[in-house]
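J.:
There are 2 protein chains.
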Amino acid sequence: MPPARRSRTASSKSASGPAELPALHLTRFLPYRLSVLANTVSHTLAKLYEKRFGITIPEWRIIAVLGGGETMSAGEIAQRTAMDKVQVSRAISRMLDSALILRESGDTDRRKALLTLTPKALAIYAEIVPMALSYEEEVTDALSIDERAQLDTLLSKLQARADQLAARPAPVDAQAVTEAVAETVDE
Amino acid sequence: MPPARRSRTASSKSASGPAELPALHLTRFLPYRLSVLANTVSHTLAKLYEKRFGITIPEWRIIAVLGGGETMSAGEIAQRTAMDKVQVSRAISRMLDSALILRESGDTDRRKALLTLTPKALAIYAEIVPMALSYEEEVTDALSIDERAQLDTLLSKLQARADQLAARPAPVDAQAVTEAVAETVDE
DNA sequence: CCATTTTAGTTTCGTTTGAAACTGTTGCAA
DNA sequence: TTGCAACAGTTTCAAACGAAACTAAAATGG
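Protein chains in written order, with the UniProt record's numbering: chain A, 1 to 187; chain B, 1 to 187.
1) Report the rounded CA-to-CA distance for Glu50 of chain A versus Ser73 of chain B, giving the unit in angstroms.
2) Determine the extent of the alpha helix (DSSP H) in which Leu155 of chain B is found, giving its start and end residues.
3) If we call anything under 9 Å between Cβ atoms a contact, is Ala113 of chain A one with Glu127 of chain A?
4) So the candidates are B:Leu117, B:Leu155, B:Ile77, B:Ser144; which of them puts its Cα closest to the Cα of Glu147 of chain A?
5) From Glu70 of chain B to Leu48 of chain B, what does the alpha carbon distance come to, in whole angstroms?
6) Is the Cβ of Lys85 of chain B closer than 9 Å to any Cβ of chain A?
7) Quick check: is the beta carbon of Ala4 of chain B nearer than 9 Å to any beta carbon in chain A?
8) Here's the rule I'm using: 16 or more other beta-carbon atoms within 10 Å means buried, otherwise exposed. How should Thr40 of chain B be labelled?
9) To the nearest angstrom, how far is it from the Cα of Arg161 of chain A to the Cα of Thr108 of chain B?
10) Just checking my contact of Glu59 of chain A with Arg94 of chain A at CB under 8 Å: how many whole Å lie between their CB atoms?
11) On a Cα-Cα basis, can you pick out the residue from B:Ala91, B:Thr56, B:Leu30 that is closest to Gln150 of chain A?
12) Under the rule that 16 or more other beta-carbon atoms within 10 Å means buried, what is Gln164 of chain B, buried or exposed?
13) Might you give, ordered along the chain, the residues of its own chain that have their beta carbon closer than 6 Å to the beta carbon of Ile57 of chain A, omitting 5 neighbours on each side?
14) Would you mind stating whether Leu117 of chain B and Ile63 of chain B have Cβ atoms separated by less than 9 Å?
15) Relative to the C-alpha of Leu122 of chain A, which candidate in A:Lys85, A:Ser134, A:Arg168, A:Leu102 has its C-alpha closest?
16) Taking only three categories from DSSP, how would you classify Arg61 of chain B?
17) Kindly indicate the opening and closing residues of the beta strand (DSSP E) around Thr116 of chain B.
18) Indicate whether Val36 of chain B and Ala82 of chain A have their beta-carbon atoms separated by less than 9 Å.
19) Chain A beta carbons: is any one of them nearer than 9 Å to that of Ala162 of chain B?
20) Determine the direct distance from the alpha carbon of Leu26 of chain B to that of Asp152 of chain B, and round the result to whole angstroms.
21) On the three-state DSSP scale, how would you describe Ser93 of chain A?
22) Is the CB of Pro130 of chain B under 9 Å away from at least one CB in chain A?
23) What do you reckon, are the CB atoms on Tyr32 of chain B and Arg61 of chain A nearer than 9 Å?
24) Taking just the CA atoms, how far does Ile145 of chain A sit from Gln159 of chain B?
25) Would Lys112 of chain B count as contacting chain A if we go by Cβ distances under 9 Å?
26) So, Leu115 of chain A versus Leu133 of chain B, is the Cβ gap smaller than 9 Å?
27) Taking the alpha carbon of Pro22 of chain B as the reference point, which residue from A:Arg28, A:Arg52, A:Thr44, A:Gly67 has its own alpha carbon closest?
28) Under a CB-based cut-off of 9 Å, is Ser35 of chain A close to chain B?
29) Pop quiz: residue 201 of chain B and Lys120 of chain B are said to be a contact at Cβ under 8 Å. What is the actual Cβ separation, rounded to whole angstroms?
30) Starting from Glu104 of chain B, follow its DSSP beta bridges and name the residues at the other end.
31) In whole angstroms, what is the alpha-carbon distance linking Asp141 of chain B and Tyr135 of chain B?
32) As a quick exercise: from B:Lys157, B:Gln87, B:Val65, pick the residue whose alpha carbon is nearest that of Val139 of chain A.
33) Can you give the Cα-Cα distance for Gln79 of chain B and Val88 of chain B, rounded to whole angstroms?
34) Is Pro58 of chain B close to chain A, meaning its C-beta is less than 9 Å from at least one C-beta of that chain?
35) Please go through the same chain and pick out, in chain order, the residues whose beta-carbon is closer than 6 Å to the beta-carbon of Gly106 of chain B, but skip the five residues on each side of it.
36) Name, please, each residue of chain A whose Cβ falls closer than 7 Å to the Cβ of Val41 of chain B.
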């Protein structure tokens, strides 16, 4: 039995469904809220990056992890940026075109390409980091010190749980449900 | 002068940049964290929706706002779902194809189309809402009751601030910075 | 050693996206 | 009224995406 649901100002529709339909308000639905917030933030930031440096978010992320001047492989970048290898591969090829990155194939393992930022990219890094942090600060200025700590905790816990749930295989069977619905319905 | 920065275990690179480069750890950078979390959650949910009902997130959102049986225009849907009109238009046309939505042009204003869910979509609604809420609960189970309240507050505050910052026009000039960087650099 | 599997990264293909242009409709104003 | 601006929604086009197929280079192991 699912625990008692939000008893908000919702379900009071006139002639509604069968029985006890739990209502859902998109604006209170966590996945929706996270998606909208992340989108707002990313989009704002993306426009800044694009406008000033002509780079996209994937490129920014790569610059961010290589900004210390270190060298790493595409796979390692993928891990550290939470992007998949295709995304990384494409971002790198754009960055090669715009001379932001240097690629040399390692000699111990010639599958792995060693990637380093060019001076040009390092200069962007030096400019973009303060800008990024400053935007972050403007956002978190909406919060008290306590709240910022809370946010940190909450995001970590939620991410851990979300990862866990994402890893879990499909919960029940699929086809059956679809068919059940199709049956119930369609006149 | 930017307030003192995170003094984490970060900047201790060996021979790093010019002077006081504030370090940036992607994993502690709020926009990044939000983006990754929202992505994980949305992606998991999208797979559930797709697998069971053959619908995408935009379609789900439309079903969510029309699920009470009410009728509204595409523009209103766009507002309530935080999607833009193009996204809504496309989702609606998919839903027309799969007989999930009904469109009749209003007679007072023939630009506005009146949209209503079909019984088929309402049946999906009845099945999908518990599923969505149950997933949400599984995620928030990672939090205490107090923390859930905190989360609600934090998300609201952050969204409000992010909206405010997004509305603000471009902060400074653009070209200048790009050129400055180009100059500093490229050997 | 040679054959097989695994790993690193790229390419391809079909879809999705977002911005901008476009179509049709209404409201407004001279 | 006619003419024009604003609005609702759709279409177009080029970029971006994800999944799966592919290429090339190690690692494994018989």
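All residues carry an ideal CB built from backbone N, CA and C; glycine is no exception.
Since this is a predicted model, take the numbers as computed values, not measurements.
T.: Quick answer:
1) Residue mapping note: residue 50 of chain A aligns to position 50 of the first sequence, counting from 1. Residue mapping note: residue 73 of chain B aligns to position 73 of the second sequence, counting from 1. So the alpha carbons of these two residues sit roughly 34 Å apart.
2) Here the question's residue 155 of chain B lines up with position 155 in the second sequence. Looking at the DSSP string, the run of the alpha helix (DSSP H) that includes Leu155 of chain B is 145-167.
3) Here the question's residue 113 of chain A lines up with position 113 in the first sequence. Here the question's residue 127 of chain A lines up with position 127 in the first sequence. Taking 9 Å as the Cβ cut-off, Ala113 of chain A and Glu127 of chain A do not qualify as a contacting pair.
4) Numbered from its first residue, the first sequence carries residue 147 of chain A at position 147. Of the candidates B:Leu117, B:Leu155, B:Ile77, B:Ser144, the one whose C-alpha sits nearest the C-alpha of Glu147 of chain A is B:Leu155.
5) Residue mapping note: residue 70 of chain B aligns to position 70 of the second sequence, counting from 1. Residue mapping note: residue 48 of chain B aligns to position 48 of the second sequence, counting from 1. For Glu70 of chain B and Leu48 of chain B, the distance between alpha carbons rounds to 25 Å.
6) Taking the first residue of the second sequence as 1, we reach residue 85 of chain B at position 85. No, Lys85 of chain B does not count as interfacial toward chain A.
7) Working through the second sequence from its first residue, we reach residue 4 of chain B at position 4. Note that Ala4 of chain B scores 42 on pLDDT, short of 50, meaning its location in the model is unreliable; the coordinates nonetheless yield the value given after this. Closer than 9 Å: no.
8) Start at 1 with the first residue of the second sequence, and residue 40 of chain B comes out as number 40. Thr40 of chain B sits buried, since 16 or more C-beta atoms from the chains shown fall within 10 Å of its C-beta.
9) As a first step, residue 161 of chain A is located in the first sequence; it is residue number 161 there, counting from the start. As a first step, residue 108 of chain B is located in the second sequence; it is residue number 108 there, counting from the start. One C-alpha to the other measures close to 50 Å.
10) Counting from one through the first sequence, the residue named residue 59 of chain A turns up at place 59. Counting from one through the first sequence, the residue named residue 94 of chain A turns up at place 94. Confirmed, Cβ separation roughly 7 Å.
11) Stepping through the first sequence from its first residue, residue 150 of chain A is reached at position 150. Answer by Cα proximity: B:Leu30.
12) Numbered from its first residue, the second sequence carries residue 164 of chain B at position 164. By the Cβ neighbour-count rule, Gln164 of chain B is exposed, with fewer than 16 other Cβ atoms within 10 Å of its own.
13) Along the first sequence, read from residue 1 onward, the residue named residue 57 of chain A stands at position 57. Contacts found: Ala46.
14) In the second sequence, the residue the question calls residue 117 of chain B occupies position 117. In the second sequence, the residue the question calls residue 63 of chain B occupies position 63. In this structure, Ile63 of chain B lies closer than 9 Å to Leu117 of chain B by Cβ.
15) In the first sequence, counting from the first residue as 1, residue 122 of chain A sits at position 122. The shortest C-alpha separation from Leu122 of chain A is found at A:Leu102.
16) One-based indexing of the second sequence puts residue 61 of chain B at position 61. Three-state DSSP puts Arg61 of chain B in a helix.
17) Locating residue 116 of chain B in the second sequence gives position 116, counting from the first residue. Here the beta strand (DSSP E) through Thr116 of chain B covers 113-117.
18) Counting from 1 along the second sequence, the entry for residue 36 of chain B is found at position 36. Counting from 1 along the first sequence, the entry for residue 82 of chain A is found at position 82. Contact: yes.
19) Here residue 162 of chain B corresponds to residue number 162 of the second sequence, with the count starting at 1. Yes, its Cβ sits closer than 9 Å to a Cβ of chain A.
20) The residue labelled residue 152 of chain B in the question sits at position 152 within the second sequence. The residue labelled residue 26 of chain B in the question sits at position 26 within the second sequence. C-alpha separation (whole angstroms): 24 Å.
21) Here residue 93 of chain A refers to the residue found at position 93 of the first sequence. In this structure, Ser93 of chain A counts as helix in the three-state DSSP scheme.
22) In the second sequence, the residue the question calls residue 130 of chain B occupies position 130. So, interface residue.
23) Stepping through the second sequence from its first residue, residue 32 of chain B is reached at position 32. Stepping through the first sequence from its first residue, residue 61 of chain A is reached at position 61. Closer than 9 Å, so yes.
24) Here the question's residue 159 of chain B lines up with position 159 in the second sequence. Here the question's residue 145 of chain A lines up with position 145 in the first sequence. Taking the straight line joining both Cα atoms gives about 17 Å.
25) To locate residue 112 of chain B, count along the second sequence from 1; it is residue 112. Cβ-Cβ to chain A under 9 Å: no for Lys112 of chain B.
26) As a working note, residue 115 of chain A is residue 115 in the first sequence. As a working note, residue 133 of chain B is residue 133 in the second sequence. It is not a contact, given that the beta carbons lie outside the stated cut-off.
27) For the purposes of this step, residue 22 of chain B is taken as the residue at position 22 of the second sequence. Ranking the options by Cα distance to Pro22 of chain B, first place goes to A:Gly67.
28) Numbered from 1 along the first sequence, position 35 holds the residue referred to as residue 35 of chain A. Yes, because at least one Cβ of chain B sits closer than 9 Å to the Cβ of Ser35 of chain A.
29) Here chain B has residues from 1 to 187 only, and residue 201 of chain B is not among them.
30) Your numbering for residue 104 of chain B matches position 104 in the second sequence. Looking at the DSSP assignment, Glu104 of chain B forms a beta bridge with B:Leu114.
31) If you number the second sequence from 1, residue 141 of chain B lands on position 141. If you number the second sequence from 1, residue 135 of chain B lands on position 135. Asp141 of chain B and Tyr135 of chain B: Cα-Cα distance of roughly 10 Å.
32) Counting from 1 along the first sequence, the entry for residue 139 of chain A is found at position 139. Ranking the options by Cα distance to Val139 of chain A, first place goes to B:Lys157.
33) One-based indexing of the second sequence puts residue 79 of chain B at position 79. One-based indexing of the second sequence puts residue 88 of chain B at position 88. In a straight line, the C-alpha of Gln79 of chain B is about 10 Å away from that of Val88 of chain B.
34) Counting from 1 along the second sequence, the entry for residue 58 of chain B is found at position 58. By this cut-off, Pro58 of chain B is not an interface position.
35) Position 106 of the second sequence, counted from the first residue, corresponds to residue 106 of chain B. Taken in chain order, the residues that qualify are Lys112, Leu114.
36) Counting from 1 along the second sequence, the entry for residue 41 of chain B is found at position 41. Within 7 Å Cβ-Cβ: Pro31, Leu34, Ala162.
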